[in-house]
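Take 493 as the starting number for the sequence shown in the numbering used here and just add one per residue.
Beta carbons are placed, not taken as given, at the ideal position from N, Cα and C, and that holds for glycine.
Computed from a predicted model, the values in this text were never measured in an experiment.
Okay, so here's the structure we're looking at.
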Amino acid sequence: MDIPAILISQYLASLEMLKQTIIACPESVWNAPEDTNKFWHTAYHALYFIDEYLQYPPQEITPWSKHRPGWEDFPAPPDGEYHAKATLLEYLAYCQQQVKQVLPGMDLAAPEAHGPLSVFELQIYSIRHTMQHVGELLERLGSRTGAQIDWVGSIRD
Numbered sequence: 493m494d495i496p497a498i499l500i501s502q503y504l505a506s507l508e509m510l511k512q513t514i515i516a517c518p519e520s521v522w523n524a525p526e527d528t529n530k531f532w533h534t535a536y537h538a539l540y541f542i543d544e545y546l547q548y549p550p551q552e553i554t555p556w557s558k559h560r561p562g563w564e565d566f567p568a569p570p571d572g573e574y575h576a577k578a579t580l581l582e583y584l585a586y587c588q589q590q591v592k593q594v595l596p597g598m599d600l601a602a603p604e605a606h607g608p609l610s611v612f613e614l615q616i617y618s619i620r621h622t623m624q625h626v627g628e629l630l631e632r633l634g635s636r637t638g639a640q641i642d643w644v645g646s647i648r649d
């Protein structure tokens, strides 16, 4: 059983589903003033933590080139600025490449990468975290626009 290949497949599937929600999101929902956690911000948050959890140990984390400190956390930045859809799709593509490049060489047996989580468990946690936000965003899209996305079970290169 090739555990890194399975993790890559599931990461890429979750990222593809996140990509579908981003593409389907109209401007009226992207930064809707009534949302405490804006659509763009929730998607950015999910991407940021994929990026971070692929980079361990924590003292060696290098944020994405367009990262703005604090923008990964909730609530959204107070200054009214936000990332455009094209920027988040760029970040998503970057995360897809990171998954493909980093996971094959990752020491999945390393203990305690994030609190009590091993490196292996952290990767499963990260995929679950992403899918929790995909579900949240899809529910928002579905209730406001009727949008749906396709289920992606796996992606094999």
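Residue from L507, Y574, E564 whose Cα sits closest to the Cα of I647: L507
Pairwise C-alpha distance: P608 and L580: 30 angstroms
H625 - DSSP class collapsed to helix/strand/coil: helix
is_contact[H621, chain E] using C-beta, thresh 7 angstroms: The structure shown contains no chain E; it is built from a single protein chain.
Proximity to H537 [Cα-Cα], best of S618, T554, Q502: S618
Cβ shell of W556 (< 7 angstroms), same chain only, five flanking positions each side left out: D543, Y583, Y586
Beta-carbon contacts of L499 that lie in its chain and below 7 angstroms, excluding the five residues immediately before and after: L595, Q615
Contact under 7 angstroms by Cβ, V486 with R620: A question about residue 486 goes unanswered here, because the residues of the chain that appear run from 493 up to 649.
Extent of the continuous alpha helix (DSSP H) run through C587: 577-594
Element boundaries [alpha helix (DSSP H), containing S501]: 495-516
Environment of K558 [buried if 16+ CB atoms lie within 10 Å]: exposed
Any non-hydrogen atom of the ligand FAD within 6 angstroms of A576 CB: Absent from the structure shown: the ligand FAD. Ligands present: none.
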